[in-house]
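In full-length UniProt numbering, the protein residues as written are 1 to 160.
Heads up, the beta-carbon is just placed ideally off N, CA and C, and yes, glycines get one too.
These numbers come from a predicted model, not from an experiment.
Everything below concerns the one structure shown next.
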């Protein structure tokens, strides 16, 4: 047995794997006018949103894994894109959805948030399937609060 080292040819060294990697969802960023008001809304919803660091106007909420919701201010958006401007109000372009444990939790979230003065967009009910409700955060971002589809039935979620 000999100890040989095999060296590839120049053409072998330049070939690269061109198979695209599968994207993995990492975060959603909400640009807000008033960071503290938005943090208060999401805390009232039930999320454990941390306080931002004094020198960084960013609150990063993470729940399991690497998926994050970043709440930050308009000036931060403008650092990344100097041409960024806040869209005019009226309608919405995205919905942020949170699952809760059963229909009563949807009702409780609606009551808690609308009683605190936040705009209810759609009262609790069966919208397009599961029991859900829609409420706007302080900047008009629509938050969909949905009963986890298997929460009330005792069924297990289908395998992925």
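- In the structure shown, the three-state DSSP call for residue 31 is strand.
- Taken through DSSP and simplified to helix, strand or coil, residue 111 comes out as helix.
- Nearest to residue 74 by C-alpha distance, out of 38, 55, 31, is 31.
- Residues 134, 135, 136, 142 of the same chain have their beta carbon placed closer than 7 Å to that of residue 121, with the five preceding and five following residues left out of the count.
- For residue 142, the three-state secondary structure derived from DSSP is strand.
- Residue pairing by DSSP places residue 70 opposite 29, 60 in a beta bridge.
- In the structure shown, residue 75 falls within a helical segment according to DSSP collapsed to helix, strand and coil.
- If you look at residue 135, you'll find it in the beta strand (DSSP E) that goes 131-136.
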